[in-house]
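What follows is a set of notes on a single structure, which appears directly below.
In our numbering, the protein residues as written are 66 to 255.
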């Protein structure tokens with residue numbers, strides 16, 4: 066794809082007419098390739114990125130000082146694309162959060178049914194009154210364990226995120242998560 070693009074550019078420089086459909090198809094293929102990466106770029110932003118990197122390559126070849134990021138950021142600010150890129154990023158983040166919540170809503174009833182079924186099977190071998198009491202105790206214990214696991218995992222994830230900007234706070238979060246795990250293990254044995 067890159068070789069084809071360079072060949073078309075050289076043909077255009079030599080005065081040969083380049084087929085517009087071929088250029089359009091090549092640009093569409095390049096845009097599809099760019100959007101496969103985790104850091105997705107809007108088409109306009111990708112065009113500026115490619116243009117600026119091409120200019121940087123030319124200037125480096127000619128040994129001229131060219132500040133890629135400075136020129137790119139000023140171009141993006143002039144065109145108002147930075148704001149649009151932020152909006153797109155926020156939209157995609159919100160969409161992923163909504164998808165996660167929908168998945169959670171779908172899984173939560175299944176998890177509850179599974180826990181109730183497994184606890185009922187464990188209590189069926191006991192007598193009826195002690196079985197009900199044991200069932201409630203085990204259900205309460207399982208609910209506490211699940212809640213503790215959720216709190217601990219959220220502490221670990223948030224500590225990992227915070228660790229980059231504030232290492233002390235991140236380490237405190239990891240220590241709190243370790244203590245929560247210890248408390249859960251001790252409570253489970255009791």
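Idealized CB from N, CA, C, for every residue including glycine.
Between residue 222 and residue 235 a beta carbon distance of about 11 Å is seen, past the 8 Å cut, so the two are scored as non-contacting. Cβ-Cβ distances below 6 Å link residue 239 to 224 in the same chain, with the five nearest sequence neighbours on each side left out; the list follows chain order. Here the alpha carbons of residue 174 and residue 181 stand approximately 11 Å from one another.
Inter-residue distance for residue 94 and residue 251 is about 58 Å (C-alpha atoms, whole angstroms). One Cα belongs to residue 126, the other to residue 219, and the distance between them is close to 50 Å. Between residue 245 and residue 216, the C-beta spacing is below 8 Å.
Residue burial annotation: residue 141 is buried, with at least 16 other C-beta atoms found within 10 angstroms of its C-beta.
Contact between residue 253 and residue 210 holds, with the beta-carbon distance rounding to 7 Å and staying under 8 Å.
The Cβ atoms of residue 213 and residue 185 lie no closer than 8 Å to each other. Rounded to the nearest angstrom, the gap between the Cα atoms of residue 178 and residue 166 is 19 Å. The DSSP-derived three-state label of residue 168 is helix.
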